[in-house]
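> Handing you this structure, nothing more for now.
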Amino acid sequence: MMALYALVLLPLVGAAAAWLAGRASPRAPWPVAVATLVLLAALLAYITWAVPAGGGPWLAHASAPWIPALGITLRCDMDGLGLVLLWLTVVLSFPCVLLASRDITDTPGTFHALLLATIAGVDGVFIATDLFLFFFFWELMLVPLYVLITVWGHEDRTRAAFKFFLFTQGSGLLMLLSILGLAFVHQQQTGILTFDYFALATTHLSPVLAMGLMLGFFVAFAVKLPVVPLHVWLPDTHTQAPTAGSVLLAGVLLKTGGYGLIRFVVLLFPDAAIRFAPVALALGALGILYGAWLSLVQDDIKRLIAYSSVSHLGFVLLGVFSASPLGVAGAVVQMVAHGLSTGALFVIAGALQDRLHTRDLRRMGGLWPALPHLSATGLVFAIASLGLPGLGNFVGEFLVLLATWRISPPIAILGAAGLVLSALYALTMVGRAFLGPPPGDGWPALPDFGARHMAVLGAAMALLLALGLYPQPVLDLSLPAPLLHSALPHAALTGGPRP
Amino acid sequence: MLALLPPLIVLCPLAAAAILLLSAGRMPPPAARLLAAGAVGLAAALTLWLAVRFLSAPPPAHRLDVVLWHWLRVGGFDARIAFTLDPLSLVMMLVVTGVGFLIHLYACGYMRGDPDVARFFACMTLFVAAMLVLVLSSDLLCLYVGWEGVGLCSYLLIGFWYAEAANGVAARKAFIVTRIGDAALLCGLLLLATRTGGLEIAGVLRSIQPGGPVAEAAAALLLGGALAKSAQAPFQVWLPDAMAGPTPVSALIHAATMVTAGVYLIARLHPLFLAAPAVMTAIAVLGLVTLLLAAGSALAQTDIKRILAFSTISQLGYMFLALGTGAWGAAIFHLVTHAVFKALLFMAAGAVILRVHHQQDIFRMGGLGRAMPGVFAAFAAGAAALAGLPLVTAGFYSKEAILQQAWRAGPVLWAGALLGAFLTALYISRCVFIVFLGPVRTAPTGRTEASMAIPLAGLSVLALTGGLIEMPDAIAPVHLLFRLLAPVLGPPTTEGAEGGAGVLLLAGALAPLAGIAVAWGLWRPRAGAPAPADDGLARAARAGWGFDAAYGLLLVRPFLALGWLNRRDLFDRVPDLLAAATRWGARLLGRMQDGQVRRYAGWIAAGTVAALCLAVRP
Amino acid sequence: MTTSMPFLLSALVAVWATFMVVTRAVAIHALLYLVVALLALACVFDVLGAPFAAILEVIVYAGAIMVLFVFVVMMLNLGRPDRLRENSWIAPRGWIGPGLLAALLLAALADALVVAAPDGGPIAVIDTRQVGLALYGPYVLMVELASFLLLAGLVSAFRIGRHIRGEDAP
Amino acid sequence: MTAAPAQALLLASMLFALGLLGVLVRRNLLFMLMSIEIMLNAAALAFVAAGMRWHAADGQVMFLMILALAAAEAAVGLAILLRLHAAGRPTLDADTGNRLKG
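For the protein sequence lines, the chains are A, B, C and D, in the order given.
Okay, so the first sequence: first residue is 38 according to our numbering, each after it adds one.
Okay, so the second sequence: first residue is 35 according to our numbering, each after it adds one.
Okay, so the third sequence: first residue is 3 according to our numbering, each after it adds one.
Okay, so the fourth sequence: first residue is 9 according to our numbering, each after it adds one.
Laid out in structure tokens, this is it:
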């Protein structure tokens, strides 16, 4: 199905169009970007609709030669996991463009072009099944975002962008090494040089080699997710990025880490992953607690949200390495819910910064009477973020904890303790920003959220509510398709961890 | 038809909450009041009708299951959004909607003039909906939705007057402390789900093996949740601060309904707790300890709402004591009567507070009985029920049921409970004497509205007569409630202690009378102005026996202090270290190229020598 | 191992004179010692059977290049203050590092000789004719290179030294 | 008349080391140039000794090459030296050589 290529090409064409439009008029790129996103959503809807019923776990497929001499093809496959995350990407692109990027006055054409290019890269990451192609898209989503942060970021943007680039690029190189290593081992065994995911999955690896190659992938995705000792780029980057960049980064780009862990770490190296699981689970629990703990003591609202992301995505790590369909389903729901809630929180933080010209919580307080709509949405998404049952985040966290409890109750207890801390930081943020007395002699008249913001954020809230009360469609889709393209029935994974 | 009613009853307040929320403050206050009170009133009426239908033609096995939809079905785990209607949930529904409706009615008057009334009623109706979900759920995960939902509404309502920073802090404290218990509860659910494959209450209870470590652990974890929600030791610290909310909130959430959720949970899952005897003992002991500690604290308070708050904790201690001794029916009975008389007390106190300009210190009130006789009568009825004035009050009968059960479980528990009854009468009589008798210290103004007076009157009647549905055998063999609840909680254990029943009854009747008498001796109206005791014991009691300070010193401060120390993130230093090392190395290497010809020559020579050494002797 | 007397003698002279060059404070003294060292080296060449090299050493090195140095020294107009400054510059403290390094180099080289000492053999004189045949046979390209080098040296020396007087002042 | 090539090479090594010592120790550019001449000569000696060992003319050819090199080097080096002297650096201090720029 060539429509899969269109998922990547359409945003790229849109990017070029936005750039050209920006040369004509500074007001032109925004409608171009919106139109591109609408087309993209329509395209994805078409792809979803065109999925043959009962056609197996892989829902769509596309393949074309690229560099035949090196066995590199343009192979793309989409399964339910990819579809869910593609939808998340498209859905979250809308708040980025509708709410955040319209106010960009500094070369808006280039800004929108880079934003769309990032989206194209993310789309590609979620469908590529040629490892070389995957790496290509991995870099494609990285570089435009780097430029976005460097050019349109806040006061300390250069340093933050540099840190972001160093961390992701450095870990990406480790992944490239692992990809090449896997391809060469496969070539030694079969005489065929290929980067095909399904072919490489059949490679026989010694335990040590498998662990080494797996760690290469793991580090790359762990930086992206992020997993705690490797998270240090994230608070700086989120804080300094322009609002649209923060939303995209938190909402979508971090998910590529979770996706990669499921698709490439657990499924390509199942044995090594299971041996590595105790470490990964411990890191996940550490991330949940450490992120929440540091989130609690931040004064910068964007930093606070960034650390809360670290905490939330610790659940994803737990779920992925619990090696059960329950955990993976929970991790996927958690990724989607986190994308929606944290994306919305970054929109709100960005709006606060636009209005107050500060992100410092010490200079906020008592904003509710001045900005009732903004404050109410902030409260609502903070509550979603603390994992209130009935909203999407709870479903993800509960499923992950349940899967973890089956393996290791102590880790699950630590994760549950994270829920207490998440309530602590979320309510502290609400209390410090919106409640209490206003500083000094009250706030001047501030523009509240208008209908556009309320509609978009309301839609996000509705999605979270739907995800929290009826997550079954996502749960059914979220199990990653099994490795072998043909033979294995779907039950192979749903039956539990592979031996 | 019957199966449609429970979801419909939940939907009434939920729809009202949704409309109020979506109106985003644009709805005029009268409409908001009408909508909220109307929705809860409709729910109450439907519940009443449902009760009549249910009692007149009970469904098979006295339970009615309503499955709404599959919530989570993945990897062998299945959770449903499903309701079960049985006598226990019916009683709870009656309390929630009935008392809830009266409190909404009262709030229409109490909150008049508040510009943000729509937000208030949105949270209140949402709370009623969540509480109904809690008591109706047939699946523990679904119950957890209601459990956290009521916690959230409690948070929102305690901090309703957000402009006061202290209110926000109190709200956060309430949510966090209960959240700690919620985390324990969640762990209990995880354990049960892992062991039994699902969280449907009936299924969970079927698969319990008595005495096993799983049952003990699960019961202990669930108890953690119940203790925090019901403000029992060691989690009781949040409830007195929660009085920062408007008085109707205190009446509805922090007296009548939400705080009893822990009691309901344990009663609902009583076979699990029966399988864990050690946990049962812990429940009884914790209940007794809480009961005495809180009664002592109530005796030393000066703020009328804090007196009532400590009293609530103390009364919940009674319920836990009953639960710990296996007297499920008695616990529920006391839950019901307590909901009535404590809501009444709070609302009467609220009426007083409104009339004396938001003055809450009882030592600045006095002589109010003459100025507001109606409120005085209502408060007195509530106080009498709380004190357990023999024969004529609901509180007497429910407390009596607990005392009887405590005697059977052990004389120590009984003696403690009796001491508690004495203290209860003592502190509430102190409150009544100081506030309503003696000289006037703050002159009241205005009138108590009809919308506030009607609920007071209704609840007064209930507080006095509500106990007649269930009486000890020694007085009259009336067992309406216990027989109603028997399909869920098992047949009531009324046998045993026959010989001493009369003596026990007498002791239970004399203790409150003694308390009132002592209170009259200490705080009867005198010439001089009464003053609060100020010795060390009183100060300790007033501060809740130092739990707050201890938690602050041992847990909160160190945690926050460590956090502030690590605010810049330890791990963030690692890349900086790497960068510093690189810079240092670069400076070292850079120093070699300083433009000094001779040093260049030296380096070249050194390199040559090194290469030579390597080449000659590899 | 036997060593011929002339080699030993000239070798000793060469080392002694070189040492004096390195340690003198007065430029012209050092220069004269350098001439002595070069002459001793010429003797060594002769002993090693390279008379052509010995003669060129005397004519070109000791004759031409050293005269160049002498001219420069004369143009520098050195005097007593220069000698005192020179003395202060070669204070003993500065000798330690370079001395160690030089000793290390010497040790390494000597070690290399011990490891792979070329065996001695009868010395056969390689006369000018042989050198000339090699030079204009296989090494003709190197002659061209040397001529380029010398031309380049000539041009650059001319270019650098042209404006020493007068207009160069600013 | 015998002289082992090893001895000639040892002599070359000693002269080279002394020359190196001179380059490193002396601050005066003139002396450094002289020391460089010594080192060049030591290298030349090594070539000649090697040529003697193999009875080949190549060693002396290389000596000629070095001679040309030394001549060119001396010419350019001395020219620079004179120019420095004339340009206001009469001390010929090599340690201030890094101030050439600007």
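The C-beta atom is built at its ideal place from N, Cα and C for all residues, glycine as well.
Indicate whether L168/A and F232/A have their beta-carbon atoms separated by less than 8 Å.
Taking 8 Å as the Cβ cut-off, L168/A and F232/A qualify as a contacting pair.
> Give me, in chain order, the residues of the same chain whose beta-carbon lies closer than 7 Å to that of V417/A; leave out the 5 immediate sequence neighbours on both sides.
M498, listed in sequence order.
> Taking any Cβ of chain C, which residues in the region 18–36 of chain D have a Cβ under 9 Å from it, in chain order?
Correct list: L18, L19, A20, S21, M22, L23, F24, A25, L26, G27, L28, L29, G30, V31, L32, V33, R34, R35 and N36.
> Would the region 44–58 of chain D and the region 89–109 of chain C be scored as touching if the rule is three or more Cβ pairs under 8 Å?
They do not touch, by the three-pair rule.
> In this structure, how does DSSP classify F306/A when only helix, strand and coil are distinguished?
Reduced to three states, the DSSP call for F306/A is coil.
> Since I believe W103/B is in contact with Y507/A (beta carbons under 8 Å), could you give me their beta-carbon distance rounded to a whole number of angstroms?
The pair is a contact, with the Cβ atoms about 7 Å apart (cut-off 8 Å).
> Just to confirm before moving on: does the CB-CB distance between V24/C and L26/D stay below 8 Å?
Yes, they are a contact pair.
> Return the CA-CA distance between V159/A and T195/A, expressed in angstroms with no decimal places.
Rounded to the nearest angstrom, the two C-alpha atoms are 23 Å apart.
> Which whole-angstrom value describes the C-beta separation of P48/A and A157/A, a residue pair presumed to lie in contact below a C-beta threshold of 8 Å?
Going by Cβ atoms, the distance from P48/A to A157/A rounds to 4 Å, so yes, they are a contact pair.
> Going by the CB atoms, is the gap between T482/B and V409/B shorter than 8 Å?
Against a cut-off of 8 Å, the Cβ pair of T482/B and V409/B comes out as a contact.
> Checking contacts by CB at 8 Å: is R91/D closer than that to chain C?
Yes, because at least one Cβ of chain C sits closer than 8 Å to the Cβ of R91/D.
> Please list the terminal residues of the continuous alpha helix (DSSP H) segment that includes P521/B.
Residues L514 to L523.
> Within the continuous alpha helix (DSSP H) that includes R114/B, where are the two ends?
Per DSSP, R114/B belongs to no alpha helix (DSSP H); it is in the beta strand (DSSP E), F111 to L119.
> So A309/B and I242/B are supposed to be a Cβ contact under 8 Å. How far apart are they, rounded?
Confirmed, Cβ separation roughly 5 Å.
> Could you tell me how far apart the beta carbons of L174/B and L106/B are, in whole angstroms, since I believe they sit closer than 8 Å?
12 Å between Cβ atoms; not a contact.
> What does the alpha-carbon distance come out to for the pair A39/C and V17/C?
So the alpha carbons of these two residues sit roughly 7 Å apart.
> Using a Cβ cut-off of 8 Å (strictly closer), state whether V133/C contacts chain B.
Cβ-Cβ to chain B under 8 Å: no for V133/C.
> Taking all protein chains shown into account, decide if V608/B is buried (16 or more other Cβ within 10 angstroms of its Cβ) or exposed.
When all chains shown are included, V608/B counts as exposed.
> Closest by CA to S283/A, which one among G473/A, A496/A, A198/A and P481/A?
Taking only the C-alpha atoms, the option nearest S283/A is A198/A.
> With distance defined between alpha-carbon atoms, name the residue in S432/B, S348/B, W362/B and A356/B nearest to A301/B.
Considering only alpha carbons, the answer is W362/B.
> Note down, in chain order, all residues in the region 627–644 of chain B with a beta-carbon under 7 Å from any beta-carbon belonging to chain D.
Flagged, chain order: D628, G629, Q630, V631, R632, A635, G636 and A639.
> When you compare each of L177/A, D143/A, F301/A and A453/A to G212/A by their alpha carbons, which one comes out closest?
Per the sequence presented here, residue 212/A reads as Met, with Gly not at that position. Residue F301/A is the option with its Cα nearest to M212/A.
> Determine whether the Cβ of P100/C lies closer than 8 Å to any Cβ atom of chain G.
The chain inventory of the structure shown lacks chain G, comprising the protein chains A, B, C and D.
> Mind listing the chain B neighbours of A102/D? Cutoff is C-beta to C-beta under 7 Å, in chain order.
Near A102/D (Cβ distances below 7 Å), the residues of chain B are V631 and R632.
> Residues of chain C with CB closer than 8 Å to the CB of L646/B, please, in chain order.
In chain order: L107, A110, L111 and A114.
> Quick check: the region 164–174 of chain B against the region 509–527 of chain B, are at least 3 beta-carbon pairs closer than 8 Å?
The region 509–527 of chain B vs the region 164–174 of chain B: no contact.
> Could you give the DSSP three-state label for L102/B: helix, strand or coil?
L102/B falls in the strand class under three-state DSSP.
> Which bits of chain C does V650/B rub up against, with CB to CB less than 8 Å?
Per Cβ cutoff of 8 Å: A110, D113, A114 and V117.
> Three or more C-beta pairs under 8 Å: does that hold for the region 330–341 of chain A against the region 461–474 of chain A?
The region 330–341 of chain A vs the region 461–474 of chain A: in contact.
> Is the shortest distance between the beta-carbon of L103/C and the beta-carbons of chain B less than 8 Å?
With 8 Å as the cut-off, L103/C counts as an interface residue toward chain B.
> Using 10 angstroms around the beta-carbon of S243/A, count the other beta-carbons present and answer buried if the total reaches 16, otherwise exposed.
Answer is exposed; the Cβ neighbour count stays below 16.
> Examine chain C for any beta-carbon lying closer than 8 Å to the beta-carbon of I44/D, and answer yes or no.
Chain C, which has no Cβ nearer than 8 Å to the Cβ of I44/D, makes this no.
> Report the rounded CA-to-CA distance for G93/A versus W86/A, giving the unit in angstroms.
The alpha-carbon atoms of G93/A and W86/A are separated by roughly 15 Å.
> Nearest by alpha-carbon distance to T706/B: which of S432/B, R67/B and L36/B is it?
Residue 706/B is absent from the model: chain B starts at 35 and stops at 652.
> Got a sec: is the Cβ-Cβ distance from C221/B to anything in chain A below 8 Å?
So, interface residue.
> Looking at the secondary structure, which residues open and close the beta strand (DSSP E) in which P41/B lies?
It is not in any beta strand (DSSP E) - P41/B instead sits in the alpha helix (DSSP H) that spans L39 to L56.
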